[in-house]
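Chains G and P, in that order, are what the protein sequence lines are.
Everything in the first sequence is counted per this note's numbering, starting at 7 for the first residue and increasing by one.
Everything in the second sequence is counted per this note's numbering, starting at 7 for the first residue and increasing by one.
Ideal Cβ positions, reconstructed from N, Cα and C, are used throughout, including at glycine.
Below is one structure, written out as structure tokens; comments come after it.
Number of protein chains: 2
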Amino acid sequence: MEQKKKELLVLEDILGSNKKIAGEIKKKLEKHGILAVNLLSAPGSGKTSLLEKIGLKLKDNYRLGVIEGDIETERDADRIRKIGLPAWQITTHGACHLEARMLAKIFDQIPADLNFLFIENVGNLVCPASFDLGEGLRSVLLSVPEGDDKPKKYPEAFLTSQVLVLTKCDLLPYLPFDTDRVIKEALEINPHLKVFKTSATTGEGLDELCAFLEEELKQRLSQHA
Amino acid sequence: MEQKKKELLVLEDILGSNKKIAGEIKKKLEKHGILAVNLLSAPGSGKTSLLEKIGLKLKDNYRLGVIEGDIETERDADRIRKIGLPAWQITTHGACHLEARMLAKIFDQIPADLNFLFIENVGNLVCPASFDLGEGLRSVLLSVPEGDDKPKKYPEAFLTSQVLVLTKCDLLPYLPFDTDRVIKEALEINPHLKVFKTSATTGEGLDELCAFLEEELKQRLSQHA
Chain G
7 MEQKKKELLV LEDILGSNKK IAGEIKKKLE KHGILAVNLL SAPGSGKTSL LEKIGLKLKD
67 NYRLGVIEGD IETERDADRI RKIGLPAWQI TTHGACHLEA RMLAKIFDQI PADLNFLFIE
127 NVGNLVCPAS FDLGEGLRSV LLSVPEGDDK PKKYPEAFLT SQVLVLTKCD LLPYLPFDTD
187 RVIKEALEIN PHLKVFKTSA TTGEGLDELC AFLEEELKQR LSQHA
Chain P
7 MEQKKKELLV LEDILGSNKK IAGEIKKKLE KHGILAVNLL SAPGSGKTSL LEKIGLKLKD
67 NYRLGVIEGD IETERDADRI RKIGLPAWQI TTHGACHLEA RMLAKIFDQI PADLNFLFIE
127 NVGNLVCPAS FDLGEGLRSV LLSVPEGDDK PKKYPEAFLT SQVLVLTKCD LLPYLPFDTD
187 RVIKEALEIN PHLKVFKTSA TTGEGLDELC AFLEEELKQR LSQHA
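Shown next as structure tokens:
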């Protein structure tokens with residue numbers, strides 16, 4: 007019991023300190039008119055592929071940047087740089103999620119004139135959901151091969167996101183995945199979720215997702231103008 | 007810095023206490039001749055589907071049981087019970103991995119005459135790798151749709167496992183996945199990994215995996231006889 011109590015106190019400390027730093031980041035982002043989008047998902051759900059595709063669609067009209075969170079390697083940042091976007095790698099060396107203090111450390115490197123700052127979190131459908139990074143939008147990705155039973159098994163990520171992106175929808179013909187079931191279940195957890203069905207391979211749903219992001223940016227700029 | 011130090015001390019406490027309890031579980035399992043297999047993977051890699059299929063293959067000749075670790079819901083345990091196997095659900099309510107103390111709590115319910123005790127960990131390729139559950143074998147699953155770049159991005163699970171099970175290999179025709187690359191990379195992290203290419207849909211590789219498990223059980227029984 008004594009240990010459990012100690013653990014809970016330290017966890018409270020961590021989350022409290024994270025919230026404070028996230029609040030400071032949020033203020034800076036709003037001041038500069040940057041819409042930061044935090045992407046959460048299991049490993050291999052297609053976060054980097056989605057960013058490559060929407061990056062190519064948005065980059066002619068907007069200034070974009072990507073923060074890549076990974077336990078090890080710079081593989082994802084390298085993929086983003088290949089399509090001509092700036093990427094900042096945060097390698098956590100074991101930690102299973104990004105925390106606001108990790109972003110704060112590299113924040114000086116982020117140009118103040120960005121429009122969109124995408125933050126690809128560590129591949130983990132659990133822990134990243136507990137850590138606010140000061141983002142303007144949180145998006146959870148669920149890929150068709152992961153199965154349609156996931157929202158209620160991993161509710162926190164769905165509860166704290168504003169956007170649900172179903173990915174790899176081109177694989178629907180080959181897999182038992184009930185799209186209606188998964189959307190219904192996700193909306194039971196969080197009725198405010200905006201849902202997009204996408205495929206980075208066929209391009210399905212990407213125009214709709216980009217249009218939504220552009221509209222969100224516009225609205226926020228007018229709010230903070 | 008003070009907080010970081012406190013966090014590290016608590017983490018050491020947690021891991022130390024986990025190691026002690028895992029050691030006790032390991033002794034009990036060996037005494038009863040039970041081979042416990044801890045299954046680690048990302049959400050939706052096919053842990054439950056694999057267990058359903060190898061459960062059906064092994065259940066006529068062995069006594070089996072399954073511990074299901076999930077953040078929420080008893081969905082996986084229900085699937086296992088449907089094929090006639092006993093299943094014990096551990097619902098962690100937020101915790102992203104199983105710990106030895108969670109198993110210790112339900113250990114009295116596990117029949118002492120089991121041959122195989124499968125432990126399906128929480129769907130998370132990161133944190134479960136740090137927690138020994140007293141298992142005799144640790145197995146990491148990687149599904150083809152997750153992509154062939156995962157071992158070096160999530161090295162701990164591959165480093166601490168004895169078995170790598172590639173799952174959903176029936177999807178290889180539809181996805182860019184270099185099997186040789188992923189095996190080479192996994193073996194660079196851990197040259198002792200025994201690798202199986204499987205599909206719960208077509209049955210590929212399941213006989214080989216079951217034969218391996220039977221042989222492991224036989225060897226351990228002769229060692230502890």
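With a threshold of 16 other CB atoms inside 10 Å of the CB of residue i, please say whether the residue is buried or exposed.
i, result
"residue 22 of chain G", "exposed"
"residue 187 of chain G", "exposed"
"residue 152 of chain G", "buried"
"residue 112 of chain G", "exposed"
"residue 47 of chain G", "buried"
"residue 74 of chain G", "buried"
"residue 154 of chain G", "buried"
"residue 228 of chain G", "exposed"
"residue 10 of chain G", "exposed"
"residue 17 of chain G", "exposed"
"residue 93 of chain G", "buried"
"residue 162 of chain P", "buried"
"residue 83 of chain G", "buried"
Helix, strand or coil: which one does DSSP assign to residue i?
i, result
"residue 185 of chain G", "helix"
"residue 77 of chain G", "coil"
"residue 54 of chain P", "helix"
"residue 200 of chain P", "strand"
"residue 89 of chain G", "coil"
"residue 9 of chain G", "helix"
"residue 122 of chain G", "strand"
"residue 48 of chain G", "coil"
"residue 23 of chain P", "helix"
"residue 61 of chain P", "helix"
"residue 96 of chain P", "strand"
"residue 107 of chain G", "helix"
"residue 4 of chain P", "What the structure shows of chain P is the stretch from 7 to 231, and residue 4 of chain P is not part of that stretch, so it cannot be assessed."
"residue 177 of chain G", "helix"
"residue 29 of chain P", "helix"
"residue 193 of chain G", "helix"
"residue 42 of chain G", "strand"
"residue 145 of chain P", "strand"
"residue 131 of chain G", "coil"
"residue 170 of chain G", "strand"
Rounded C-beta distance between residue i and residue j? I'm assuming under 8 Å.
i, j, result
"residue 71 of chain G", "residue 31 of chain G", "Actually they are not in contact, since the Cβ atoms of residue 71 of chain G and residue 31 of chain G sit about 14 Å apart, beyond 8 Å."
"residue 42 of chain G", "residue 142 of chain G", "5 Å"
"residue 52 of chain P", "residue 147 of chain P", "6 Å"
"residue 95 of chain P", "residue 76 of chain P", "7 Å"
"residue 125 of chain P", "residue 45 of chain P", "7 Å"
"residue 216 of chain G", "residue 63 of chain G", "5 Å"
"residue 159 of chain P", "residue 81 of chain G", "7 Å"
"residue 49 of chain G", "residue 35 of chain P", "Rounded, the Cβ-Cβ distance is 30 Å, inconsistent with contact."
"residue 192 of chain P", "residue 164 of chain P", "5 Å"
### Query
What residues from the stretch 118–144 of chain G come within 8 Å of chain P, judged by C-beta to C-beta, listed N to C?
128, 129, 130, 131, 132, 133
### Message
Under 8 Å, with one C-beta from each stretch per pair, do the stretch 165–185 of chain G and the stretch 196–214 of chain G reach the 3-pair mark?
### Response
yes
### Message
Quick test of the definition: if touching needs 3 or more C-beta pairs under 8 Å, does the stretch 53–63 of chain P touch the stretch 212–231 of chain P?
### Response
yes
### Task
Compile a chain-ordered list of the residues in the stretch 66–90 of chain G whose CB is closer than 9 Å to at least one CB of chain P.
76, 77, 78, 79, 81, 82
### Query
Listed from N- to C-terminal order along the chain, which residues in the stretch 12–37 of chain G have their beta-carbon within a distance smaller than 7 Å of any beta-carbon of chain P?
Within the stretch 12–37 of chain G, the residues whose Cβ lies closer than 7 Å to some Cβ of chain P are 12, 13, 16, 19, 20, 23, listed in chain order.
### Message
Using 8 Å as the cut-off, can you tell me whether the stretch 79–87 of chain G makes contact with the stretch 100–115 of chain G, which would need three or more C-beta pairs spanning the two stretches below that distance?
### Response
no
### Query
What residues in the stretch 147–160 of chain G bring their beta carbon closer than 7 Å to a beta carbon of chain P?
149, 151, 152, 153, 155, 156, 158, 159, 160
### Contact list for the stretch 169–193 of chain P against chain G, Cβ threshold 7 Å
174, 177, 180
### Positions along the stretch 202–225 of chain G whose CB lies within less than 7 Å of some CB in chain P
none
### Query
Taking Cβ-Cβ distances below 7 Å as the criterion, which residues of the stretch 42–68 of chain P are in contact with chain G?
Correct list: 48, 49, 50.
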